[in-house]
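S.K.: Chains as they are written, first to last, in my numbering: chain L, 632 to 943; chain P, 10 to 150; chain A, 1475 to 1867.
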Amino acid sequence: MNLSLHPLILLLIFPGGLFLMNIGLLYEWADRKLVARFQSRVGPRWFQPFADTIKLLAKEEIIPNGVHKIMFLALPIIALTGALTAAQYIPMFGFEASFSFEGDLIVVLYMLSMMTLSIGLAGANTLSRFTIIGATRALTQMFSYEAPFLLALLSPAIAAGTWNIGKINTFTGENIWLILAQPIGFIVAVVGLMGKLELPPFDAPEAETEIVAGALTEYSGRGLALFHIGKNVELVIGLTLVVIFYLGGIANPIEFILKSAGLFLVVTALQSMFARLRIDQTVGLWWRLGALMGLLQLLAIIFGRYLGEILR
Amino acid sequence: MAIGVLFGDLVKALFTKPATQNYPFTKTIAPERLRGKLVYDPEKCVGCMLCMKDCPSNAIELLTVDKINKKFVMRYHPDRCVFCAQCVQLCRFNCLNMSNSLWEMASTTKEAFEVYYGREEDIAFLLERAAQPGINEPPCE
Amino acid sequence: MTEAKKEKFIVPIGPQHPALKEPGNFEFTVDGEIVTDAAVRLGFVHRGIEKACENRNYTQDLYLLERVCGICSHVHATAFVLGVEKLAGVQAPPRAEAIRVLAAELERIHSHLLWFGVAAHEAGFDTLFMYTWRDREVVMDILETLSGSRVHYSVNILGGVKIDVDQKLSDLIKKDMDFLEERTEYYMKVVTTDDTFLGRTRGIGTLSKDRAKLLGAVGPTARASGVKRDIRVNAPYSGYKEFPVKMVIDQTGDLEARFVVRLKELYESYRLIREILEKIQPGEITTRIKRKIPEGEVISRVEAPRGELFYYIKSNGTEMPDRVKVRTPSLCNWGTITDVAVGHKLADMPMLLAGIDPCFSCNDRMVEIRSDSQPSQMMNWDGLRKYGIEYYR
Ligand code: SF4
Ligand code: SF4
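(1) Can you tell me the Cβ-Cβ gap for HIS1548 of chain A and ALA1570 of chain A, rounded? I've got them flagged as a contact below 8 Å.
(2) When you compare only the Cα positions, how much space is there between LEU1494 of chain A and GLU1656 of chain A?
(3) Would you mind telling me which residues of chain C sit closer than 9 Å to PRO1824 of chain A, beta carbon to beta carbon, in chain order?
(4) What residues from chain A crowd round VAL92 of chain P, counting only those whose CB sits closer than 7 Å?
(5) Any heavy atom of ligand 4 within a distance shorter than 7 Å of the CB on MET107 of chain P?
(6) Below 7 Å on C-beta distance, what does MET904 of chain L contact in chain P?
(7) Please go through the same chain and pick out, in chain order, the residues whose beta-carbon is closer than 6 Å to the beta-carbon of THR871 of chain L, but skip the five residues on each side of it.
(8) Return yes when the Cβ of MET1823 of chain A is within less than 8 Å of the Cβ of VAL1509 of chain A, no when it is not.
(9) May I ask which residues mark the beginning and end of the alpha helix (DSSP H) holding LEU3 of chain P?
(10) Can you name the residues of chain A whose CB is closer than 8 Å to the CB of ASP834 of chain L?
(11) Which residues does DSSP pair with THR1503 of chain A in a beta bridge?
(12) Any chance the CB of LEU1805 of chain A is under 7 Å from a heavy atom of ligand 2?
(13) Does TYR1605 of chain A come within less than 8 Å of chain L when only Cβ atoms are used?
(14) How about LEU1746 of chain A and ILE1583 of chain A: do their beta carbons lie closer than 8 Å?
(15) I'd like the list of long-range same chain contacts for ARG1674 of chain A, defined as Cβ closer than 7 Å, with 5 residues on each side in sequence excluded.
(16) With a threshold of 16 other CB atoms inside 10 Å of the CB of GLY826 of chain L, please say whether the residue is buried or exposed.
(17) Among the residues of its own chain, which have a CB less than 6 Å from the CB of ARG1676 of chain A, if the five just before and after it don't count?
(18) Please work out which residues of its chain come closer than 7 Å, Cβ to Cβ, to LEU894 of chain L, disregarding the five sequence neighbours upstream and downstream, and give them in chain order.
(19) Measure the alpha-carbon distance for THR1476 of chain A versus ASP1669 of chain A and round it to whole angstroms.
(20) Can you give the beta carbon distance from HIS1626 of chain A to ARG1541 of chain A, rounded, assuming they're within the 8 Å contact cut?
(21) Mapping the DSSP letters down to three states, classify TYR1714 of chain A as helix, strand or coil.
(22) Could you check whether the Cβ of GLN1725 of chain A sits closer than 8 Å to any Cβ belonging to chain P?
(23) List the residues that DSSP assigns as beta-bridge partners of ASP75 of chain P.
(24) Does THR35 of chain P come out as helix, strand or coil in the three-state DSSP assignment?
(25) Got a sec? Which residues, its chain only, sit under 7 Å from TYR658 of chain L by beta carbon, not counting five neighbours each side?
(26) Give the C-beta separation of GLN670 of chain L and ALA140 of chain P to the nearest angstrom, bearing in mind that I take them to be a contact with Cβ-Cβ under 8 Å.
(27) What residues from chain A crowd round PRO87 of chain P, counting only those whose CB sits closer than 8 Å?
(28) Can a CB atom of chain A be found closer than 8 Å to the CB of ASP131 of chain P?
(29) Taking the alpha-carbon positions, what's the ALA1691 of chain A to VAL1735 of chain A distance?
(30) Compute the minimum distance between the beta carbon of CYS64 of chain P and the heavy atoms of ligand 2, and state whether it is under 7 Å.
(31) Would you check if the distance between the CB atom of PHE761 of chain L and the CB atom of GLY852 of chain L is smaller than 8 Å?
(32) PRO33 of chain P versus chain L: which residues are under 9 Å apart at the beta carbon?
(33) Do you know offhand how far GLY1791 of chain A's Cα is from ILE1631 of chain A's?
(34) Output the boundary residues of the beta strand (DSSP E) element that contains THR1796 of chain A.
(35) Taking 6 Å as the limit, tell me which residues put their C-beta closer than that to any heavy atom of ligand 2, in chain order.
(36) If you drop the 5 nearest sequence neighbours on each side, which residues of the same chain put their C-beta closer than 8 Å to that of THR1810 of chain A?
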């Protein structure tokens, strides 16, 4: 699109940062509302996440003693930047991605990991015991889910024969939904996404009944708000990725909204259905089950392609 | 061994109304026996002072205006009351009761928590006397 | 490694912590995720209730003691009332005794459901927490309809009870019991079959029978370890003589067993309540009791939802007691936590804490620590004052 609009207005529409942040907050609302409904509660009203964020942004930021100041201040920004940058490569709402090149899938995945890495560093940076344990858990979890999630996203890429998200989108749009062709991959991807976002039941890194708020315990005000926004943007990206890869891609806004909502329903149901896993259980689940399943899926696809070529 | 045993209830919850009550807008009717604010009937009271003596939180003060003619004024402090209904149980003349409709007692001022019960002229008489400097309140026992 | 690690990594839980609804302090020394040492510190909500009892009359004490705990209020009042009645040589009428048991069992239901929700929350199972508390509202409503208050039912008075049940109420209660029974069956299925939940409970915090006996565990915590300890059965009091209960016992002693024992006790409560409503005899509900209680001392034991509750009352022949001593069940169970905590993961700690159904407000009392090396820490008022001034200088 080469519209000549005022830059401030451009900021508000896709893929402007402000737009993404707002969508992220809207997603957070949907998440909270749906979980509340599953739990037979009323849930927040639509503006609650916005109000929370504005409140946090307006609050004083307390820098605890004994932290590396620059790092403490920079980490939330890095985390948010990572998430926002990743969003640039993803087609959303039926729009084209604003940037794309062959292999942007890998870039997106690494950009998404930046968030967790920042959280881990932020936790290790402060002196509180809760944050240190939270950071250890966050990083442990990152190391364990990264592989299965990657594998789960790689298999459609291999099926499509490209590493470009935009092209994969077109590929999945033209073929049958990959959820039918690769159900295992879909499951691994959804569960991996939940692990990545530290949603329950994989929220051991921020288990409030054990370690308060995990790595972010010492954060307040602006830093906390930025981390939250970053996480929400990541939620948007993650869901969109799974929709693109497994639910037949997105060709227009309506399709996008419907499919995302459907996936959201599944994710929130999963969130409210289980007890929190201990960190060792999470790791065990990932490495023993997740990685194995992802690998099997991958092998099946490679084999399938190979077979297809031979037959041809 | 199963996973997601709760699934059935989740679906049910999604399609039923939330269990939360939208309190100030919808109110359930309080049960008949609810122990709300204390109400006092000055006509029946004989001034035995039992209610005052056994109140666990000193929420009742019975002020005597005229002992012979059985004129009493009750000063009741809902903020101290623990709504135990001991006074109601004790009063043999049934002049004390706990209302089941007056239970929303939040207030931003202290005045709401000092309630006078009694015949109007007695209350007026008491308040007048209390307003005059130098004269102490009538003893409560 | 020859030299022991000097620097210990201690994770404090409390006195202010999301896992605790009341203040208490636990220090877990961890090595990575594994707990190597545990310590409990209590005393943040000491309220001086026992002392306050000494300058109130017996009737007023009843209401004061009811407020020792917000969850098991009725049972405290029952223990006190039974003791005082024994001192005065008065026996409450049978109908009153039955109603006391009815209220006690309703209270047990609400307490166990409350605990169930809290424990689920500690396990990160918020949905289960919300559901149990939603269903608990049913029994809360019964209690409110029955007695007039949701929390402090004030059913007891000296020499009887305040409230009576009629046919309409009894029908209502029976209907609600059916509903609760159905729900409890469902929860039983969840705790015994759901894999994620079992992963957090099965084999965690196993307390052997011997250890439970040695540490003096009481209530469901002890019964889950196979210790036959239930005052309602061992030494029936009040209406339990007429309406006996079956003791629920489990041999495993882990967290799952504690869930199962408590849920099975719910079934027992439903059964008992139905039986009482069927068989209750018409009659008086109060007897007269003198204001002045004759001199003497008495011990009164009842089974609270959390275990054995113990009251010691000494009277000096006046309207006020000379001494009231309360020993609440939670206090007896703390030892089991520090005992089983070692070797478990930090993530299991909140569950372990919740496993004994701790109630902090009912076990904060003055404790005198005696040790051979240190002089006693008792202080008189002047000494305390001076210490305080010095401390904050
Ligand atoms: S209800 Fe209890 S606290 Fe309130 S006035 Fe009566 S005796 Fe006192
Ligand atoms: S117990 Fe009844 S009669 Fe006696 S003083 Fe109180 S209100 Fe009056």
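Cβ coordinates follow ideal geometry from the N, Cα and C atoms, glycine included.
M.R.: Let me lay it out:
(1) With a Cβ gap of about 13 Å, HIS1548 of chain A and ALA1570 of chain A do not count as contacting.
(2) 30 Å
(3) As a matter of chain content, chain C is missing from the structure shown, whose protein chains are L, P and A.
(4) Before going on, a small fix: residue 92 of chain P reads as Phe here, not Val. Within 7 Å Cβ-Cβ: SER1623.
(5) Ligands in the displayed structure: ligand 1 and ligand 2; ligand 4 is not one of them.
(6) GLY13, LEU15, PHE16, LEU19
(7) ILE721, MET723
(8) yes
(9) Residue numbering for chain P in the displayed model covers 10 to 150; residue 3 of chain P lies beyond these limits and cannot be assessed.
(10) GLY1598
(11) A:ILE1484, A:ASP1511
(12) no
(13) yes
(14) no
(15) ALA1597, MET1825
(16) buried
(17) GLU1730
(18) LEU870, VAL873, VAL874, LEU878
(19) Note on THR1476 of chain A: pLDDT 39, under 50, position unreliable in the model; the coordinate value appears next. So the alpha carbons of these two residues sit roughly 41 Å apart.
(20) 7 Å
(21) helix
(22) no
(23) P:LYS80
(24) coil
(25) ASN863, LEU866, VAL867
(26) Their Cβ separation, rounded to whole angstroms, is 57 Å, which puts GLN670 of chain L and ALA140 of chain P out of contact at 8 Å.
(27) Under the 8 Å cutoff, chain A gives no residues; its nearest Cβ is about 15 Å from PRO87 of chain P.
(28) no
(29) 15 Å
(30) no
(31) no
(32) Those do not exist, as PRO33 of chain P stays about 14 Å from chain L at its closest Cβ, beyond 9 Å.
(33) 19 Å
(34) Correcting the residue type first, residue 1796 of chain A is Asp in the shown sequence and not Thr. Residues 1795-1801.
(35) P:CYS54, P:VAL55, P:GLY56, P:CYS57, P:MET58, P:LEU59, P:CYS60, P:LEU71, P:LEU99, P:CYS100, P:PHE102, P:CYS104, P:LEU105
(36) LEU1681, ARG1685, ALA1686, LEU1689, ALA1691, THR1695, ILE1830
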